[in-house]
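Written below as structure tokens is the structure these notes are about.
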Amino acid sequence: MTMKHILAATVSVVAIAIAGTVALAAGQYGPGASDKEIKIGNTIPYSGPASAYGAIGKGDAAYFAMINDHGGVNGRKINFISRDDGYSPPKTVEQVRKLVEEDNVLALFNTLGTPPNTAIQGYLNDNKVPQLFVSTGADKWNDPKNHPWTMGYNPSYRVEARIYGRYILKNIPDAKIAVLYQNDDFGKDYLAGLKDALGDKADKMIVMTKSYETTDPTVDSQVVALQGSGANVMITAATPKWAAQSIRKVGELGWKPTHFVTNVSVSVGTVLTPAGLDKSVGLITSAYVKDPTDAQWKDSKDFQDWTAWMKKYYPDGNLADANIAYAYGASATMVQVLKQCGDNLTRDNVMKQAANLKNFAVPMVLPGITISTGPDDYAPFKQMQLAKFDGHNWKVFGDLISGGNGS
Amino acid sequence: MTERATTMPPAIAEIRIAGLSETTWRRIGIVALIAFGIALPFLVSKYQSFQFTLAMIYAVALLGLNILTGYNGQISLGHGAFFAVGAYTAAILMHRFGVPFWATLPAAAVICFILGVLFGLPALRLEGLYLALVTLALALAVPQILKYFEGWTGGQQGINLIKPKPPEWTGIDKDRWLYYLVFIVMLIMFRLAANLLRGRTGRALIAIRDHPISASAMGIDTARYKTLAFGTSALFTGIAGAMSAIVIGYVSPEGFGPFLSISFLVGSAVGGIATIGGPLVGGLFVQFIPNFANDISDAAPWAIYGACMLICMYTVPEGAIGYLGPRLGRLLRRFASSSS
Chain A
1 MTMKHILAAT
11 VSVVAIAIAG
21 TVALAAGQYG
31 PGASDKEIKI
41 GNTIPYSGPA
51 SAYGAIGKGD
61 AAYFAMINDH
71 GGVNGRKINF
81 ISRDDGYSPP
91 KTVEQVRKLV
101 EEDNVLALFN
111 TLGTPPNTAI
121 QGYLNDNKVP
131 QLFVSTGADK
141 WNDPKNHPWT
151 MGYNPSYRVE
161 ARIYGRYILK
171 NIPDAKIAVL
181 YQNDDFGKDY
191 LAGLKDALGD
201 KADKMIVMTK
211 SYETTDPTVD
221 SQVVALQGSG
231 ANVMITAATP
241 KWAAQSIRKV
251 GELGWKPTHF
261 VTNVSVSVGT
271 VLTPAGLDKS
281 VGLITSAYVK
291 DPTDAQWKDS
301 KDFQDWTAWM
311 KKYYPDGNLA
321 DANIAYAYGA
331 SATMVQVLKQ
341 CGDNLTRDNV
351 MKQAANLKNF
361 AVPMVLPGIT
371 ISTGPDDYAP
381 FKQMQLAKFD
391 GHNWKVFGDL
401 ISGGNGS
Chain B
1001 MTERATTMPP
1011 AIAEIRIAGL
1021 SETTWRRIGI
1031 VALIAFGIAL
1041 PFLVSKYQSF
1051 QFTLAMIYAV
1061 ALLGLNILTG
1071 YNGQISLGHG
1081 AFFAVGAYTA
1091 AILMHRFGVP
1101 FWATLPAAAV
1111 ICFILGVLFG
1121 LPALRLEGLY
1131 LALVTLALAL
1141 AVPQILKYFE
1151 GWTGGQQGIN
1161 LIKPKPPEWT
1171 GIDKDRWLYY
1181 LVFIVMLIMF
1191 RLAANLLRGR
1201 TGRALIAIRD
1211 HPISASAMGI
1221 DTARYKTLAF
1231 GTSALFTGIA
1241 GAMSAIVIGY
1251 VSPEGFGPFL
1261 SISFLVGSAV
1271 GGIATIGGPL
1281 VGGLFVQFIP
1291 NFANDISDAA
1301 PWAIYGACML
1311 ICMYTVPEGA
1321 IGYLGPRLGR
1331 LLRRFASSSS
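From first to last, the protein sequence lines stand for chains A and B. Just so you know, we're using my numbering here: the first sequence kicks off at 1 and counts up by one. Just so you know, we're using my numbering here: the second sequence kicks off at 1001 and counts up by one.
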């Protein structure tokens, strides 16, 4: 062998070795990911009766647009494909199949609504496609054993009820609790959460529960019966129309319980004003997203970032819409997961990193609340803060309270 | 009138094209369509097979609506309700009682037939606009009623179903398997409808639609036929509903809103009212036009949908098959007379 040959051999060996490392650095990719982009899919009702939630999808898209303008995630642009499902589960199934089978998205993100998400959960888990940070308050998304590819986001109704229960145990030890709840999964999650928190005291402390159907014209008789039980704490786990009736009736009866209202029904415009603002003073609810209309946040950095972002990327959006503040935080969480993935953008790793969030501070969420997840913990938010209505606005007060399972 | 009636049939029977009668040509056409239907899943992706499966399901639902609205002239804005009842019958039987999926179709048929007949009784007293309003009320009420019987229906959360798996020997995937199952059911349903509508019953239904008074004067039991039309119509749509539950693998009240009923009526008008082939085209419209509209405009998909509907109704008011059918026949006949 001549010197020339040896040299050539050495060069080629080195070249192969370099090529090998380059290939490794270029990363591992699942469907929808490459050196240039990451495809993320979503369904949301842009049309139909639930189309007010469309603002969340538009907010998500606007957030990713901002990230892309700043160079994307680890040099890759996010290609966010959001489709309209009109809140109709059969349509969601079809759209999600299109996203997975034709658009080849890496993961689904922030799909909205309990029925639509229930409809696609089986399909996505069978096909091992991440269904991340679903936009619903049901309790069932935190189930890594049976559905390892589905992860929740919103604090569930049950978590919220546990928070009320814990506050009551600590601050109103002699409480006699009356509960008005909607007779469906939503209302029953509240009862379950309250019982979780009160533990063996539940039977003694809860003096009466009354349910209503969404077909009932009023809940007046239920409220009268609940007052008759002698309770000094009232919990209204009702959707807006009936929550307004409940608040109004409690006021009319001159009953002065400590009154907790689910944060589903705390809109000043659609619930408290019809119920009567004077009758709403002193109501307690819980929150985790910053209310964009609350003046106390206007100097905080994330609020200012949010407003600037709204002006540039979502100028049509309503600056008072808490849904957009929510979308901003949820998208930031998704971006955090993708950052953690580094160059390993497989579906396996996306799920692994989603279950590996450590005290991530989500923008536009109340100060101090962070999210953490783990292989056995698919419920990102566990803390909330209580807020009291002062006749004009909701004011947060007290410490953060954990609504996680166990004490 | 009488002269036409006596002279026309032999004239039609005599027409032969390339040595084959019109009926034979029609049969060849149907066989070609069936062959195309069999080949289709292997020409398109799994996802598209799934979409065509849904289109066939809608076609069966529209066929049901067509019996009532097209042939019998009773307008229903509430067929989504029968679709929902069929879907929930299948879901509850499979989920709670472990009934095999194929056995839920006859059950859905029976239940929807009974419901349809019961609903048809009061409907006898209502005509046109009033019947449309009452059936619309049915469409509005059903999603809420489903939530009310939560113990059975799973309320808002709905019912998750396990999709049937194809047997080993077929060697095909789940989507294509379901496609063929639905395809076979659809063929049976179209055959049944054709037999029903091309015979005595069909003539009676049409007579009632066109001239209720002369129909009853001729001895047609108007009340009986109208109620039966309602029942049969609900039966077809109910079977379609049951198949949709099996194919989608999930039912919940949100899937059966009033818009479903309206899109059924739109689909059957676009396809061709009072035609047997119309529902096929209508099913494709119901399935694909909303997607098409969405692809064109995210902001205003329903405006595009509306525009598509207007174009269809403006250019072919009698519906696709209502327009093409007679023209195709005339064309064939002209071809026959010029070549002979």
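Positions of the beta carbon are idealized from the N, C-alpha and C atoms, including for glycine.
Three-state secondary structure (DSSP) of residue i
i	result
residue 212 of chain A	strand
residue 1074 of chain B	coil
residue 1153 of chain B	helix
residue 267 of chain A	coil
residue 1198 of chain B	helix
residue 1125 of chain B	coil
residue 219 of chain A	coil
residue 425 of chain A	Examination of residue 425 of chain A is not possible in this model, given that chain A is present from 1 through 407 alone.
residue 258 of chain A	strand
residue 21 of chain A	The predicted model places residue 21 of chain A with a pLDDT of 48, which falls under 50 and marks its position as unreliable; any figure quoted below should be read in that light. Of the three classes helix, strand and coil, the one that applies to residue 21 of chain A here is helix, per DSSP.
residue 377 of chain A	strand
residue 1182 of chain B	helix
Cα-Cα separation between residue i and residue j, rounded to whole angstroms
i	j	result
residue 1048 of chain B	residue 321 of chain A	38 angstroms
residue 1288 of chain B	residue 277 of chain A	49 angstroms
residue 66 of chain A	residue 350 of chain A	21 angstroms
residue 385 of chain A	residue 400 of chain A	5 angstroms
residue 422 of chain A	residue 193 of chain A	The question about residue 422 of chain A has no answer here: the residues shown for chain A are numbered 1 through 407.
residue 1116 of chain B	residue 1324 of chain B	32 angstroms
residue 21 of chain A	residue 298 of chain A	The pLDDT assigned to residue 21 of chain A is 48, lower than 50, so where the model puts this residue is not dependable, and the model offers no usable value.
residue 1013 of chain B	residue 1031 of chain B	Confidence in residue 1013 of chain B is poor, its pLDDT being 48 and thus under 50, which makes the residue's placement unreliable; the coordinate value appears in the next sentence. Approximately 21 angstroms between the Cα atoms of the pair.
residue 23 of chain A	residue 346 of chain A	Note that residue 23 of chain A scores 45 on pLDDT, short of 50, meaning its location in the model is unreliable and no value can be drawn from it.
residue 95 of chain A	residue 197 of chain A	39 angstroms
residue 89 of chain A	residue 1254 of chain B	7 angstroms
residue 382 of chain A	residue 34 of chain A	34 angstroms
residue 1070 of chain B	residue 1209 of chain B	9 angstroms
residue 270 of chain A	residue 1314 of chain B	43 angstroms
residue 59 of chain A	residue 1244 of chain B	33 angstroms
residue 137 of chain A	residue 191 of chain A	15 angstroms
residue 1277 of chain B	residue 1316 of chain B	15 angstroms
residue 264 of chain A	residue 1247 of chain B	34 angstroms
residue 286 of chain A	residue 393 of chain A	13 angstroms
residue 1054 of chain B	residue 241 of chain A	37 angstroms
residue 409 of chain A	residue 30 of chain A	No statement about residue 409 of chain A is possible, as the shown extent of chain A runs from 1 to 407 and does not include it.
residue 166 of chain A	residue 204 of chain A	15 angstroms
residue 202 of chain A	residue 209 of chain A	12 angstroms
Beta-ladder partner(s) of residue i, from DSSP
i	result
residue 289 of chain A	A:365
residue 29 of chain A	A:345
residue 178 of chain A	A:208, A:234
residue 132 of chain A	A:109
residue 84 of chain A	A:44
residue 306 of chain A	Bridge partners of residue 306 of chain A: none, in fact.
residue 360 of chain A	A:371
residue 402 of chain A	A:383
residue 150 of chain A	A:131
residue 1160 of chain B	B:1250
residue 1016 of chain B	B:1021
residue 38 of chain A	A:33, A:78
residue 396 of chain A	A:387
residue 73 of chain A	A:76
residue 284 of chain A	A:260, A:388
Cβ-Cβ distance between residue i and residue j below 9 angstroms
i	j	result
residue 1226 of chain B	residue 1124 of chain B	yes
residue 1178 of chain B	residue 1102 of chain B	no
residue 1062 of chain B	residue 1326 of chain B	no
residue 993 of chain B	residue 1108 of chain B	The structure shown does not extend to residue 993 of chain B, since chain B spans only 1001 to 1340, so no value can be given for it.
residue 46 of chain A	residue 1175 of chain B	no
residue 1320 of chain B	residue 1270 of chain B	yes
residue 324 of chain A	residue 375 of chain A	no
residue 155 of chain A	residue 125 of chain A	no
residue 236 of chain A	residue 172 of chain A	no
residue 129 of chain A	residue 152 of chain A	no
Proximity test, residue i beta-carbon vs the ligand ZN heavy atom, cut-off 8 angstroms
i	result
residue 387 of chain A	Absence of the ligand ZN is noted for the structure shown, with no ligands found whatsoever.
* Asked: Can you find at least 3 beta carbon pairs, one from the segment 1102-1114 of chain B and one from the segment 1206-1214 of chain B, that sit closer than 8 angstroms?
  -> no
* Counting pairs of Cβ atoms below 8 angstroms between the segment 1190-1209 of chain B and the segment 1036-1043 of chain B, do you hit three or more? -> no
* State whether the segment 329-339 of chain A contacts the segment 362-379 of chain A, with contact taken as three or more CB pairs (one from each stretch) at a distance under 8 angstroms. => yes
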